[in-house]
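Some notes on the structure that comes next.
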Amino acid sequence: MNIIWIIVGGLIIAALLWFGLGYGAGEGKFDGDNTDWDYSNAFDPTDRNPYGTYVLKELMDSGIANVKLKMIQTHMDLDELRHKENAIYLFIGNESYMSNANVDKLLEFIAEGNTALLSTTGIPDYLEEALFDEYIYTNGFYSGEKTTYVRVKENQAHQIPFIKENDTVNFFWNHFEENDFFETYDKLGNVDGKTDFIRIKYGKGYFYLHLNPYVFTNVNILEEEGLILNEEIFSQLPKGDVYWDVYSTQFHSRDYYGKRSVIEFILNNESLRWAFIILLIGVAIFGLFASKRYFAVIPVVKQNENTSLEFVETISRLYRNQGDNADLVKIKLQNFRNYVSHYYYLDTKDLNGEFVFKLSQKSNIPEGKIEALVKKLEFGAKNDTISNEYLIETHKMLEDFYTNSQGAKRRHEKVIGTKDIELKLMRNSRLPLMIIGIGLIVIFLGVILLTTGVGLGTLLLLVGLFSSIFGYVLFSSPLIVIKSGELSYQKWVDRQQFNLYQLLTSHYDKENEIFELTSNNLKLKIDLKDLSAKDQSRLIQTIRNIKMK
Numbered sequence: 000m001n002i003i004w005i006i007v008g009g010l011i012i013a014a015l016l017w018f019g020l021g022y023g024a025g026e027g028k029f030d031g032d033n034t035d036w037d038y039s040n041a042f043d044p045t046d047r048n049p050y051g052t053y054v055l056k057e058l059m060d061s062g063i064a065n066v067k068l069k070m071i072q073t074h075m076d077l078d079e080l081r082h083k084e085n086a087i088y089l090f091i092g093n094e095s096y097m098s099n100a101n102v103d104k105l106l107e108f109i110a111e112g113n114t115a116l117l118s119t120t121g122i123p124d125y126l127e128e129a130l131f132d133e134y135i136y137t138n139g140f141y142s143g144e145k146t147t148y149v150r151v152k153e154n155q156a157h158q159i160p161f162i163k164e165n166d167t168v169n170f171f172w173n174h175f176e177e178n179d180f181f182e183t184y185d186k187l188g189n190v191d192g193k194t195d196f197i198r199i200k201y202g203k204g205y206f207y208l209h210l211n212p213y214v215f216t217n218v219n220i221l222e223e224e225g226l227i228l229n230e231e232i233f234s235q236l237p238k239g240d241v242y243w244d245v246y247s248t249q250f251h252s253r254d255y256y257g258k259r260s261v262i263e264f265i266l267n268n269e270s271l272r273w274a275f276i277i278l279l280i281g282v283a284i285f286g287l288f289a290s291k292r293y294f295a296v297i298p299v300v301k302q303n304e305n306t307s308l309e310f311v312e313t314i315s316r317l318y319r320n321q322g323d324n325a326d327l328v329k330i331k332l333q334n335f336r337n338y339v340s341h342y343y344y345l346d347t348k349d350l351n352g353e354f355v356f357k358l359s360q361k362s363n364i365p366e367g368k369i370e371a372l373v374k375k376l377e378f379g380a381k382n383d384t385i386s387n388e389y390l391i392e393t394h395k396m397l398e399d400f401y402t403n404s405q406g407a408k409r410r411h412e413k414v415i416g417t418k419d420i421e422l423k424l425m426r427n428s429r430l431p432l433m434i435i436g437i438g439l440i441v442i443f444l445g446v447i448l449l450t451t452g453v454g455l456g457t458l459l460l461l462v463g464l465f466s467s468i469f470g471y472v473l474f475s476s477p478l479i480v481i482k483s484g485e486l487s488y489q490k491w492v493d494r495q496q497f498n499l500y501q502l503l504t505s506h507y508d509k510e511n512e513i514f515e516l517t518s519n520n521l522k523l524k525i526d527l528k529d530l531s532a533k534d535q536s537r538l539i540q541t542i543r544n545i546k547m548k
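As C-alpha cells, then:
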C-alpha cells in the first residue's frame, strides 16, 4: 500500500470528524465530559468515541484504500466467506467469541488461499489448537513510560501513548512468549522489543495474529504516529476485499456452546439452506397438485328410463297372459314406430323400401335385417291369429335391433359421458409416491455431497428435483378420462383415444387384470393394476352400462 493515500485519507477523515469526535477548535482533544473513555466497550466500528474504530472503518469505506468493505453482523453472514478469493477476514476486539463451528468456517476460508487479521487479546482456544502444534503462551507488561515503542518489521519504531481522558497513562501491552517452537513463525512486529504481531501459514492462506487492538482505535489513528503504524500493519496483508467481523466481539451463548435449533443450523449452512428451500418448494408443489388429486366421486349416471316403454311392456304382458298374440304384435309395431321416430327422426307412416334404406343408414343395421323385421311386424299386425313361435321370433328380432342400433348407443350417452359430464379415473398412487420418494432420497444425497464439496451433488439435486416433479405430475393427473363418449388413456407419455360409441366387444381378464376394448379398427388394453381399486370398479361398471357384447 502507498503511505500517501493513508495519510491523505487520515487527514480527510480527521477533518470530517473534527467536531463529531469532540475536538475543540485547535485543541486536538476529546471532550472529557461528553466522551466515553470505557476501554471495555471498545472497538465498535460505529463508535465515534476514543476507543471506537469508526475512523478506520470510514477510511476503508471511503474508497481511498481501493477495497470493498463488508460488515459481518450475524452468524449467517459468516457463510459469505465460503468460496471467496483474495479476501481478507478482519477482527478487532478485546476477545473473539467465535464458536467452534464458526472457527471451522474461518479455517476453511483461509485454507482456500485467503487471509485473516485478528487483533485481539484473547485468541479462541479452538483456533489455537488448529494453528499450533503445542500451546502458545501470551503475556503482558505495563510500560514503564507513558509512551511505548511499537515497530513493524524493520520500519522505524513509533511512539504510541495510551490516552485516557486526554492524558497519557501506563498501559498493559500484550506480547507472545518466545521459545524454540515460536521461531517457526514469521515475526512481523513488536512492542518495546517483544513480539506482538506474527504470521502463520495455513493451507494456501495466512493468519496474521496481533495482540494489541488499541492501535486501531480512533484516538490512536488520529495521531500521526498511529496513522503511519496502521498503514504499516495493513501493508503486510495482500490486496483484497475486507470482511470485518463485529458479530464475534459479543458473547452469543447459543453460538459459543453450539446450542442452536435445527432450523438455525440448516440456515447457517449454505448448502443445507438451499436444500431446505428446494424442499419447501417441493412440498408447496406437492400440496398444489395433491389438492387437485382427490375430488368428489362422480357417480355413474343411470340411464333415463322410458316409462312409456314400461307401460307398453306391462300391457304386452297382459295380452300375452290372455293369449292374444296378434294384439301383442300390434303393440310391438307401434313401439317400434315410436322408437324410430324419436331417435332417428324418420316418418314411420309408410314402412317402405325408402324407409328401410334410411333407417339402415342411420342405425348402422343391415338393410336385410331391417326389411325382415318390418315384414315380420306388418304381417303379424294384419293377422288375427299369431302363433307363439312367430311371436318369440319377432321379439328376438326386435331385441337385436334395439341392442345393436345407434339409437341404443344414444340411449346410453349419459352413462358414458356427455358434454356436461367428465369422468376421471386416477392411477394407483403407489408408483408416483415411489418416484417422489426416490427423488427426495437423491436430493438428500446431493445435499450431503455438496456439504463435502463434491460437485456431483449439484447434478443429483437436479435429478432428484426432476424425479420429484415427475412423480407429482403422475400423482395428480388422471390415468383415464371419459367425456362425450371418448375414452382417453394415458399410461406414460403417449395418449390413446377410444370412441365408446364404436365399441363392439369388451373383455375382462381377471387373472391378468386386463380390460380389453375392441372396435372395428382399434383394440385397447387397459392394465387395471395401474388404477386405484375404487376406480377399477368404476371403469368396469361404466363399460358394462353400455350393455354391448
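At position 295 of the sequence shown the residue is numbered 294 (numbering that gives the first Met the number 0), and the sequence of numbers has no breaks. Think of the CB as a built atom: it goes at the ideal place given N, C-alpha and C, for glycine as much as any other residue. All values derive from a computational prediction rather than experimental measurement.
CB of Asp194 within 8 Å of CB of Phe175, strictly
Looking at the sequence provided, one finds Thr at residue 194 rather than Asp. Yes, the pair counts as a contact, with Cβ atoms nearer than the cut-off.
Expressed to the nearest angstrom, what Euclidean distance is found between the alpha-carbon atoms of Asp43 and Val241?
16 Å
- According to the neighbour-count rule (16 or more other Cβ atoms, all chains shown, within 10 Å of its Cβ), is Ser340 buried or exposed? exposed
Practice task
Measure from the C-beta of Arg426 to each C-beta in chain D and report whether the shortest distance is under 8 Å.
Solution key: The structure shown contains no chain D; it is built from a single protein chain.
CB Ile159 to CB Val149, shorter than 8 Å? yes
Report the option in Leu390, Gly445, Tyr201 and Glu84 whose CA atom is closest to the CA atom of Asp103. Tyr201
query = Which first and last residues belong to the alpha helix (DSSP H) in which Arg553 is found?
reply = One cannot answer for residue 553 here, as it falls past the ends of the chain, which runs 0 to 548.
Output the distance between the C-alpha atoms of Glu224 and Ile87, rounded to the nearest integer angstrom. 25 Å
| Going by the beta-carbon positions, is the gap between Ser505 and Leu516 smaller than 8 Å? | yes
Euclidean distance between Cα positions of Tyr53 and Leu130: 30 Å
Exercise. Would you give the residue range spanned by the alpha helix (DSSP H) that Asp560 belongs to?
Key: Residue 560 lies beyond the residue range present for the chain, which begins at 0 and ends at 548; the question has no answer from this structure.
* Asked: By a C-beta neighbour count over all protein chains shown, 10 Å radius and 16 as the cutoff for buried, is Thr45 buried or exposed?
  -> exposed
query = If you check the beta carbons only, do Val441 and Gly456 fall under 8 Å apart?
reply = no
Notebook entry, point to check: Cα separation between Ile71 and Thr248?
Noted result: 11 Å
Comparing alpha-carbon positions, which option in Tyr507, Leu430 and Gln496 lies nearest Val472? Leu430
How far does the alpha helix (DSSP H) with Ile468 in it extend, from its first residue to its last? Leu455 to Ser475
| query | What are the boundary residues of the alpha helix (DSSP H) that Gln360 is part of? | reply | Gly352 to Ser362
Rounded to the nearest angstrom, what separates Asp526 and Leu327 at their Cα positions? 47 Å
So, under 8 Å CB-CB, Gly445 and Leu460 are touching, yes? Tell me the CB distance rounded to an integer number of Å.
4 Å
Note to self: For a test of the three-state rule: what should DSSP assign to Tyr97, helix, strand or coil?
What the structure shows: Looking at the sequence shown, residue 97 is not Tyr but Met. Met97 falls in the coil class under three-state DSSP.
Just to check my reading of the structure: Leu424 and Pro477 have Cβ atoms closer than 8 Å, yes? What is that Cβ distance to the nearest angstrom?
6 Å
Quiz item: Taking the runs of the beta strand (DSSP E) that are 3 residues or longer, which of them lie wholly in the region 481 to 542?
Solution: 485 to 488, 495 to 498, 504 to 508, 513 to 517 and 522 to 526
- Report all residues from its chain with a CB closer than 6 Å to the CB of Ser95; omit the five preceding and five following residues, and keep chain order. Thr119, Pro123 and Ser247
Which of helix, strand or coil DSSP assigns to Leu236: coil
The ligand FAD heavy atoms versus the CB of Pro44: any closer than 7 Å?
No copy of the ligand FAD occurs in the structure displayed, which carries no ligand at all.
Task: Asp185, enclosing beta strand (DSSP E) - first and last residue - done: Asp185 to Val190
Rounding to the nearest angstrom, what Cα-Cα distance links Tyr213 and His82 in this structure?
31 Å
* Count the other C-beta atoms from every protein chain shown that fall within 10 angstroms of the C-beta of Leu503, then say buried if there are 16 or more, exposed otherwise. => exposed
- Query: Do Ala380 and Lys329 come within 8 Å of each other at the CB atom, strictly closer than that value?
  - Reply: yes
* Could you name the residues of the same chain whose beta carbon sits closer than 7 Å to that of Ile197, not counting the 5 residues immediately before and after it, in chain order? => Phe175, Tyr184, Asp185, Lys186, Leu187 and Leu208
- prompt: Hey, how far is the Cα of Lys56 from the Cα of Leu279?
  reply: 39 Å
Start and end residues, alpha helix (DSSP H) containing Asp326:
Asn324 to Tyr343
Where do the N-terminal and C-terminal ends of the beta strand (DSSP E) with Ile369 fall, by residue? Looking at the DSSP string, Ile369 is not in any beta strand (DSSP E); the run it does join, the alpha helix (DSSP H), is Glu366 to Lys381.
Just tell me which of Glu512, Val480 and Glu510 has its CA closest to the CA of Asn498. Val480
task: Identify the continuous alpha helix (DSSP H) that holds Thr73 and give its terminal residues.
output: Segment: none, Thr73 is in no alpha helix (DSSP H) and carries neither H nor E.
message: Just to confirm the assignment, what range does the alpha helix (DSSP H) spanning Val168 have?
response: Run containing Val168: none in the alpha helix (DSSP H); it sits in the beta strand (DSSP E), Asp166 to Val168.
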